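Engineer: I'd like to ask you about the structure that follows.
Protein chains: 2
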Amino acid sequence: MSSLWEKFYAQRARTLSASSIRELLKVTQIPDIISFAGGLPAPELLPTEEVAAATAEILRTHGTQALQYGPTEGYMPLREWVADRLSTTEMHVTPENILITTGSQQALDLLARVFLDPDDSLLIESPTYMGALQTWNMYGVRYFGVPMDEQGLLVERLEEQLQRHRPKLIYVLPTFQNPSGVTLSLERRARLVELIERHGLLLLEDDAYAQLRYEGEDLPSLLHIAGRAAGGFPDRVFYLGTFSKVLAPGMRLGWIAAPAEVTHKLVMAKQGTDLHTPMFNQIIAYTLLSQGYLERQVPRILPVYRERRDVMLAALERHFPAQVRWTHPEGGMFIWVTLPAAIDSADLLQEALEQRVIFVPGRAFHATGGGANTLRLSFSNSKNERIETGIERLGQALRALV
Amino acid sequence: MSSLWEKFYAQRARTLSASSIRELLKVTQIPDIISFAGGLPAPELLPTEEVAAATAEILRTHGTQALQYGPTEGYMPLREWVADRLSTTEMHVTPENILITTGSQQALDLLARVFLDPDDSLLIESPTYMGALQTWNMYGVRYFGVPMDEQGLLVERLEEQLQRHRPKLIYVLPTFQNPSGVTLSLERRARLVELIERHGLLLLEDDAYAQLRYEGEDLPSLLHIAGRAAGGFPDRVFYLGTFSKVLAPGMRLGWIAAPAEVTHKLVMAKQGTDLHTPMFNQIIAYTLLSQGYLERQVPRILPVYRERRDVMLAALERHFPAQVRWTHPEGGMFIWVTLPAAIDSADLLQEALEQRVIFVPGRAFHATGGGANTLRLSFSNSKNERIETGIERLGQALRALV
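Protein chains in written order, with our numbering: chain X, 5 to 406; chain G, 5 to 406.
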């Protein structure tokens with residue numbers, strides 16, 4: 005049945021569909037449901053008292069500035085803070101490289117606005133962050149997925165894809181990837197940066213989870229590898245960061261680091277989108293960050309999430325059939341599960357809902373098909389005993405299908 | 005000289021340019037410059053203490069919810085508050101009609117995403133809000149301007165345009181219009197709503213300034229006129245509201261009211277854009293609004309802005325040459341000035357900058373050319389003596405050109 009508005013909708017709006025995660029998040033309102041669906045921070049770790057103190061302070065000292073219109077580029081001290089944090093002895097980053105965005109999601113949208121025409125080719129990891137797909141679907145782009153293993157993107161498969169599809173951009177989440185939890189190895193990072201330069205395309209590095217490492221050694225970002233080679237801010241790497249994982253998602257604060265000319269284009273695109281990110285939120289965040297918030301908060305988060313990961317991994321061993329495989333992430337919020345090929349995780353979700361436990365079926369993370377037998381589990385938002393119970397329930401649901 | 009990124013930019017990004025207002029706002033950082041450029045609230049009226057109290061309260065009582073991810077639709081109590089406020093005995097509005105946006109600017113962008121294909125025709129008031137043009141330019145639409153007089157849009161000119169251009173949408177700011185300050189008369193409102201129905205197009209009503217009335221009687225919105233005729237929420241009117249004018253622009257909070265099916269489409273488009281508007285800001289706003297903030301704040305604002313308008317109108321009489329005309333707004337933030345046809349307001353701005361006073365030249369508000377001899381003055385952001393001084397300086401600058 006066609007509605008009155010049908011004939012008015014733009015072409016791009018005809019295929020719009022709600023994110024399966026966000027639809028699942030609504031189910032999480034049911035009180036006794038155990039949700040491994042959304043990548044939500046642990047509620048008990050959210051810094052309500054620190055935000056309260058910072059807010060009271062800035063409304064006393066910067067109240068008018070915090071409540072007034074501000075520059076599209078973002079609050080200068082916050083841009084400076086991000087630039088300083090990214091700078092190394094080999095790569096000087098300036099505030100002109102930094103644009104503050106309304107969450108990292110907006111950065112994905114602004115980059116699409118500035119760079120993506122209909123039918124442009126994009127290389128993506130397969131699986132990849134579904135929020136990026138949801139944004140870029142509206143731009144009518146064509147995706148080419150590159151497979152991954154436990155070391156991340158299979159870079160040796162990339163060169164062939166680059167020659168065949170001549171993509172404009174490659175989108176990578178190299179560290180504790182969403183959804184797979186895997187981390188791109190140092191060797192592959194170096195190789196990837198080199199390929200980008202050689203083939204002359206752009207690389208978008210989404211580094212939302214890098215601070216959440218529970219074991220192993222930090223790896224340099226693709227931005228820093230490229231910056232070292234270039235002796236300054238690299239031409240072809242755009243880097244996305246967020247304050248949602250260690251400060252608060254409800255603040256909607258993220259940022260893009262890019263060459264100054266590109267940042268300037270993104271700023272103009274952002275003007276028409278929301279004028280600027282709330283000054284109020286930016287000044288609160290800057291106040292916290294400049295007062296050592298991260299140095300206090302990250303050590304509070306790490307042991308909690310590390311334990312939850314371990315509890316989930318142990319529960320998977322205990323409750324899942326032998327034919328099922330899963331990743332062992334060194335950080336982040338997610339474990340990626342691969343079921344026997346014949347099982348569809350969407351069917352499993354139906355069973356699981358009856359057991360009052362939910363997750364995200366893997367299809368949503370695959371832009372080019374496949375992934376029906378995969379699923380994503382998030383361990384950050386549930387306490388240990390809920391993780392144990394939830395995985396047990398999920399194991400039971402699974403046995404009904406195997 | 006073409007940069008490395010030139011060949012990567014999307015078509016829509018090639019024509020991107022910075023808003024002249026936002027560029028002018030940067031000049032306002034110069035301490036002794038008097039700015040009539042931006043439509044900024046008076047800083048001394050921003051509710052820093054009330055926001056501080058509400059924030060402390062909600063971080064105590066709803067802290068986790070305020071800092072966590074939230075629904076794309078917006079914070080339900082805030083949506084209910086908006087719906088209740090719009091409801092009349094003749095038109096029941098429900099939360100399903102309401103989407104909370106990251107400022108009203110985002111609403112303009114989301115509507116474009118859902119409704120505007122390249123080359124779609126749009127009818128706009130001439131002049132109109134430049135922020136809307138800036139957003140929609142990225143969508144490659146075609147504009148047809150309808151002239152205005154002191155009673156607003158010349159509705160009798162509309163019918164001919166409707167037949168000739170078959171536009172999808174008409175965009176109207178009927179009350180204390182930005183930039184002209186004029187208000188659409190009741191007779192023309194009724195006629196406009198009737199034409200929309202008869203010709204089967206969509207109407208976008210931007211009602212950012214309605215609460216700022218300094219004289220005369222409130223007029224029903226186009227939404228309410230159409231709703232009364234329909235006996236419920238009308239099919240063809242989408243209504244934009246904002247909390248930037250009476251609460252705080254730095255919060256970036258606005259909303260769309262539309263038929264539930266349309267709101268649902270807009271929600272899906274918003275998911276890909278910024279996931280949701282900051283929960284923190286929404287809960288603070290709801291707390292203030294539910295505790296009678298508007299009833300306290302609007303009576304605080306009105307006498308201050310009314311006096312500033314009167315001071316500016318009197319100063320214009322005193323300092324501007326006889327050949328210059330201007331509007332007499334009953335509310336809002338803006339006075340619209342028409343210079344003799346031979347004078348270009350961009351030239352005047354050069355003179356004015358030397359006198360350390362700025363405004364926005366009128367060309368920026370005209371999508372289809374013209375307006376070179378017009379300009380916009382905002383009176384809300386400057387104290388009486390600054391208005392007096394600024395208009396005197398501007399009069400001197402003008403005399404150099406007349």
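C-beta atoms are modelled at their ideal positions from N, C-alpha and C, and glycine is treated no differently. Here the structure is a predicted model, which is why all the values come from computation and not from measurement.
How do the stretch 174-183 of chain G and the stretch 119-132 of chain G stand: do at least 3 beta-carbon pairs fall below 8 Å, yes or no?
Structural biologist: Yes: the two stretches touch, three or more of their Cβ pairs being nearer than 8 Å.
Engineer: Round the Cβ separation of Val341 of chain G and Leu292 of chain G to the nearest angstrom and send it over; I've been treating them as touching at under 8 Å.
Structural biologist: That pair is no contact at about 36 Å.
Engineer: Using 8 Å as the limit for Cβ to Cβ distance, is Trp9 of chain X near chain G?
Structural biologist: At least one chain G Cβ lies under 8 Å of Trp9 of chain X.
Engineer: Which first and last residues belong to the alpha helix (DSSP H) in which Phe119 of chain X is found?
Structural biologist: Taken as a continuous stretch (DSSP letters only), the alpha helix (DSSP H) holding Phe119 of chain X covers 107-119.
Engineer: Using the three-state DSSP reduction, which class does Leu407 of chain G fall into: helix, strand or coil?
Structural biologist: In the structure displayed, chain G extends from 5 to 406; residue 407 of chain G sits before or after that span and is not available.
Engineer: Report all residues from its chain with a CB closer than 7 Å to the CB of Glu154 of chain X; omit the five preceding and five following residues, and keep chain order.
Structural biologist: So the list reads Val186, Thr331, once near-sequence residues are dropped.
Engineer: Does Leu188 of chain G get closer than 8 Å to chain X when you measure Cβ to Cβ?
Structural biologist: So no, Leu188 of chain G is outside the interface.
Engineer: Pull up the DSSP beta-bridge partners for Phe148 of chain G, would you.
Structural biologist: Partner(s): G:Leu127.
Engineer: Looking at Leu190 of chain G: is its Cβ nearer than 8 Å to the Cβ of Phe242 of chain G?
Structural biologist: Cβ distance not < 8 Å, so Leu190 of chain G and Phe242 of chain G don't count as in contact.
Engineer: Report yes or no: is there a C-beta of chain X within less than 8 Å of the C-beta of Pro171 of chain G?
Structural biologist: For Pro171 of chain G, the answer is no, since every Cβ of chain X falls outside 8 Å of its Cβ.
Engineer: To test your reading of the DSSP string, which unbroken beta strand (DSSP E) runs of 3 or more residues are found completely within the stretch 263-343 of chain X?
Structural biologist: DSSP runs (the beta strand (DSSP E)) wholly in the stretch 263-343 of chain X: 338-342.
Engineer: By Cβ distance below 7 Å, which residues in the same chain neighbour His96 of chain X in space, the five residues on each side in sequence not counted?
Structural biologist: Only Gly236 meet the Cβ criterion.
Engineer: From the DSSP output, in three-state form, read off Val241 of chain X for me.
Structural biologist: The answer is strand: DSSP assigns Val241 of chain X an E or B state.
Engineer: Could you tell me the alpha carbon to alpha carbon distance between Thr372 of chain X and Arg310 of chain X, rounded to whole angstroms?
Structural biologist: Using only the alpha carbons, I get a separation of about 33 Å.
Engineer: Quick one: Cα of Ala70 of chain X to Cα of Glu164 of chain X, how far?
Structural biologist: Near 50 Å, if we compare the C-alpha coordinates of Glu164 of chain X and Ala70 of chain X.
Engineer: Within 10 angstroms of its Cβ, does Glu94 of chain X collect 16 or more other Cβ (buried), or is it exposed?
Structural biologist: Exposed.
Engineer: Per the contact definition of three or more C-beta pairs closer than 8 Å, is the stretch 102-115 of chain X in contact with the stretch 259-268 of chain X?
Structural biologist: Yes, the stretch 259-268 of chain X touches the stretch 102-115 of chain X.
Engineer: Give me the residue from X:Arg312, X:Asn285, X:Glu396, X:Leu306 with the minimum Cα distance to Ala58 of chain X.
Structural biologist: Selected option, being the one with the closest Cα: X:Asn285.
Engineer: Hey, could you find the ends of the beta strand (DSSP E) Gly258 of chain G is sitting in?
Structural biologist: Where Gly258 of chain G is concerned, the enclosing beta strand (DSSP E) stretches over 258-261.
Engineer: As a quick exercise: from G:Arg193, G:Val271, G:Ile305, pick the residue whose alpha carbon is nearest that of Glu48 of chain G.
Structural biologist: The residue with the shortest Cα to Cα distance from Glu48 of chain G is G:Ile305.
Engineer: Taking C-beta to C-beta, are Leu352 of chain G and Val364 of chain G nearer than 8 Å?
Structural biologist: No, the pair does not count as a contact, with Cβ atoms beyond the cut-off.
Engineer: Could you tell me whether any Cβ in chain X is nearer than 8 Å to the Cβ of Gln109 of chain G?
Structural biologist: Yes, Gln109 of chain G counts as interfacial toward chain X.
Engineer: Between Gln359 of chain G and the rest of its own chain, which residues show a CB-CB distance below 8 Å, the 5 nearest in sequence each way excluded?
Structural biologist: Cβ within range, chain order: Arg397, Leu398, Gln400, Ala401.
Engineer: If you draw a straight line from the C-alpha of Ile174 of chain G to the C-alpha of Leu166 of chain G, how long is it?
Structural biologist: Their backbone Cα atoms lie some 10 Å apart in a straight line.
Engineer: Give a yes or no on whether the C-beta atoms belonging to Leu126 of chain G and Pro171 of chain G are separated by under 8 Å.
Structural biologist: Their beta carbons are under 8 Å apart, which means Leu126 of chain G touches Pro171 of chain G by this criterion.
Engineer: Note down, in chain order, each residue of its chain lying with its Cβ closer than 8 Å to the Cβ of Thr329 of chain X, except the 5 sequence neighbours on either side.
Structural biologist: Position check: residue 329 of chain X holds Arg in this sequence, whereas Thr was assumed. Correct list, in chain order: Val341, Thr342.
Engineer: Alpha carbon to alpha carbon, how far is Val250 of chain G from Gly375 of chain X?
Structural biologist: Going from the Cα of Val250 of chain G to the Cα of Gly375 of chain X covers about 50 Å.
Engineer: Assign Asp153 of chain G to one of three DSSP states: helix, strand, or coil.
Structural biologist: Residue state, collapsed to three classes: strand.
Engineer: What's the gap between the Cα of Ala289 of chain X and the Cα of Leu82 of chain X?
Structural biologist: Those two C-alpha atoms are separated by around 8 Å.
Engineer: Closer than 7 Å by C-beta to Ile391 of chain X: which residues in its own chain qualify, once you throw out the five before and the five after it? Chain order, please.
Structural biologist: So the qualifying residues of the chain are Arg312, Val315, Met316, Ala319, Phe383.
Engineer: Can you look up Val176 of chain X in the DSSP assignment and give me helix, strand or coil?
Structural biologist: Strand.
Engineer: Which partner residues does Thr132 of chain G have in the DSSP bridge list?
Structural biologist: According to DSSP, Thr132 of chain G bridges with nothing at all.
Engineer: Taking just the CA atoms, how far does Gly156 of chain G sit from Gly149 of chain G?
Structural biologist: The straight-line gap from Cα to Cα measures roughly 13 Å.
Engineer: If you drop the 5 nearest sequence neighbours on each side, which residues of the same chain put their C-beta closer than 7 Å to that of Ser349 of chain X?
Structural biologist: Answer for Ser349 of chain X: Leu343, Pro365, Gly366, Ala376, Asn377, Thr378, Leu379, listed in chain order.
Engineer: Using the beta-carbon count (16 or more within 10 Å), is Lys11 of chain G buried or exposed?
Structural biologist: Exposed, by the Cβ-count rule.
Engineer: Answer yes or no: does any C-beta atom of chain G fall closer than 8 Å to that of Thr139 of chain X?
Structural biologist: Chain G contact via Cβ: present.
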